[in-house]
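**Student:**
Residue numbers (the numbering used here): 16 to 145.
Right, here's the structure in full:
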(Lines of atoms letter the chains of each structure in order from A and count residues from 1; the text may use other names and numbers.)
(Lines give C-alpha, C1' and ligand atoms only; values in the text may rest on other atoms or scores of the structure.)
Protein backbone atom coordinates (compact mmCIF):
# COMPACT_ATOMS: atom_id res chain seq x y z
CA UNK A 1 0.00 0.00 0.00
CA UNK A 2 1.24 3.44 -0.89
CA UNK A 3 1.61 5.78 2.08
CA UNK A 4 2.57 9.43 2.02
CA UNK A 5 4.83 10.65 4.76
CA UNK A 6 3.51 14.20 4.45
CA UNK A 7 -0.12 15.21 4.67
CA UNK A 8 -1.41 17.23 1.73
CA UNK A 9 -2.60 20.68 2.64
CA UNK A 10 -4.68 21.58 -0.38
CA UNK A 11 -8.40 20.98 -0.79
CA UNK A 12 -8.34 19.46 -4.28
CA UNK A 13 -8.01 22.90 -5.82
CA UNK A 14 -10.91 24.38 -3.90
CA UNK A 15 -11.05 26.94 -1.13
CA UNK A 16 -14.33 25.50 0.15
CA UNK A 17 -14.95 23.16 3.05
CA UNK A 18 -16.65 20.67 0.73
CA UNK A 19 -13.86 18.15 1.32
CA UNK A 20 -10.90 18.46 3.67
CA UNK A 21 -8.19 16.43 1.96
CA UNK A 22 -5.59 17.00 4.67
CA UNK A 23 -7.93 15.84 7.43
CA UNK A 24 -9.07 12.82 5.42
CA UNK A 25 -5.47 11.78 4.76
CA UNK A 26 -4.60 12.28 8.41
CA UNK A 27 -7.54 10.09 9.41
CA UNK A 28 -6.30 7.41 7.00
CA UNK A 29 -2.66 7.75 8.11
CA UNK A 30 -1.66 9.08 4.68
CA UNK A 31 -2.91 6.03 2.77
CA UNK A 32 -3.81 7.51 -0.63
CA UNK A 33 -4.83 4.13 -2.06
CA UNK A 34 -7.42 3.68 0.66
CA UNK A 35 -8.52 7.29 0.26
CA UNK A 36 -9.08 6.73 -3.45
CA UNK A 37 -11.18 3.63 -2.78
CA UNK A 38 -13.24 5.32 -0.07
CA UNK A 39 -13.81 8.38 -2.24
CA UNK A 40 -15.26 6.14 -4.94
CA UNK A 41 -17.58 4.51 -2.43
CA UNK A 42 -18.69 7.89 -1.05
CA UNK A 43 -19.41 9.21 -4.56
CA UNK A 44 -21.66 6.23 -5.27
CA UNK A 45 -23.32 6.34 -1.84
CA UNK A 46 -23.99 10.06 -2.10
CA UNK A 47 -25.62 9.73 -5.53
CA UNK A 48 -27.74 6.77 -4.45
CA UNK A 49 -28.76 8.39 -1.16
CA UNK A 50 -29.87 11.65 -2.77
CA UNK A 51 -31.94 9.76 -5.34
CA UNK A 52 -33.56 7.68 -2.58
CA UNK A 53 -34.13 10.78 -0.44
CA UNK A 54 -35.98 12.46 -3.30
CA UNK A 55 -38.20 9.41 -3.59
CA UNK A 56 -38.78 9.28 0.18
CA UNK A 57 -39.69 12.96 0.25
CA UNK A 58 -42.08 12.58 -2.69
CA UNK A 59 -43.79 9.77 -0.76
CA UNK A 60 -43.63 11.83 2.48
CA UNK A 61 -41.78 8.90 4.06
CA UNK A 62 -40.05 10.92 6.77
CA UNK A 63 -38.76 7.86 8.61
CA UNK A 64 -36.87 6.70 5.53
CA UNK A 65 -35.72 10.24 4.72
CA UNK A 66 -34.36 10.68 8.24
CA UNK A 67 -32.53 7.33 8.09
CA UNK A 68 -30.99 8.09 4.69
CA UNK A 69 -29.88 11.55 5.81
CA UNK A 70 -28.41 10.09 9.00
CA UNK A 71 -26.43 7.50 7.02
CA UNK A 72 -25.09 10.07 4.56
CA UNK A 73 -24.22 12.40 7.44
CA UNK A 74 -22.01 9.71 8.97
CA UNK A 75 -20.36 8.45 5.80
CA UNK A 76 -19.54 11.94 4.57
CA UNK A 77 -18.23 13.02 7.99
CA UNK A 78 -15.96 9.97 8.13
CA UNK A 79 -14.18 11.25 4.99
CA UNK A 80 -14.22 14.90 6.10
CA UNK A 81 -16.82 16.00 3.52
CA UNK A 82 -17.94 18.73 5.86
CA UNK A 83 -20.55 20.61 3.81
CA UNK A 84 -22.41 17.45 2.83
CA UNK A 85 -22.33 16.14 6.38
CA UNK A 86 -23.68 19.42 7.80
CA UNK A 87 -26.49 19.61 5.25
CA UNK A 88 -27.38 15.96 5.80
CA UNK A 89 -27.58 16.69 9.55
CA UNK A 90 -29.96 19.58 8.83
CA UNK A 91 -32.09 17.39 6.57
CA UNK A 92 -32.15 14.65 9.18
CA UNK A 93 -33.58 17.10 11.72
CA UNK A 94 -36.15 18.49 9.26
CA UNK A 95 -37.29 14.95 8.45
CA UNK A 96 -37.57 14.22 12.18
CA UNK A 97 -39.72 17.37 12.48
CA UNK A 98 -41.77 16.31 9.42
CA UNK A 99 -41.13 19.69 7.79
CA UNK A 100 -41.95 19.08 4.10
CA UNK A 101 -40.98 22.48 2.70
CA UNK A 102 -37.84 22.76 4.83
CA UNK A 103 -36.82 19.22 3.93
CA UNK A 104 -37.35 19.94 0.24
CA UNK A 105 -35.14 23.02 0.34
CA UNK A 106 -32.50 21.21 2.40
CA UNK A 107 -32.52 18.24 0.02
CA UNK A 108 -31.91 20.51 -2.96
CA UNK A 109 -29.05 22.21 -1.08
CA UNK A 110 -27.68 18.77 -0.24
CA UNK A 111 -27.88 17.75 -3.90
CA UNK A 112 -25.90 20.85 -4.93
CA UNK A 113 -23.28 20.19 -2.27
CA UNK A 114 -23.22 16.54 -3.31
CA UNK A 115 -22.50 17.61 -6.89
CA UNK A 116 -19.60 19.78 -5.71
CA UNK A 117 -18.30 16.92 -3.56
CA UNK A 118 -18.57 14.46 -6.43
CA UNK A 119 -16.56 16.81 -8.67
CA UNK A 120 -13.82 17.15 -6.05
CA UNK A 121 -13.75 13.41 -5.39
CA UNK A 122 -13.52 12.64 -9.10
CA UNK A 123 -10.55 14.99 -9.43
CA UNK A 124 -8.94 13.42 -6.40
CA UNK A 125 -9.54 9.91 -7.72
CA UNK A 126 -7.82 10.85 -10.97
CA UNK A 127 -4.85 12.22 -9.02
CA UNK A 128 -4.45 9.09 -6.89
CA UNK A 129 -5.20 6.71 -9.76
CA UNK A 130 -8.65 5.36 -8.77
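Note that beta-carbon positions come from the ideal geometry of N, C-alpha and C, so glycine has one too. Small disclaimer: the values here were computed from a predicted structure and weren't measured.
How about residue 49 and residue 67: are their beta carbons less than 8 Å apart?
**Tutor:** Contact: no.
**Student:** What are the boundary residues of the alpha helix (DSSP H) that includes residue 69?
**Tutor:** 47 to 73
**Student:** Tell me which same chain residues have a C-beta within less than 6 Å of the C-beta of residue 71, skipping the five on either side of it?
**Tutor:** 79, 80
**Student:** Would you mind stating whether residue 110 and residue 65 have Cβ atoms separated by less than 8 Å?
**Tutor:** The Cβ atoms of residue 110 and residue 65 do not sit closer than 8 Å to each other.
**Student:** Classify residue 99 as buried or exposed, calling it buried when 16 or more other Cβ atoms lie within 10 Å of its own Cβ.
**Tutor:** buried
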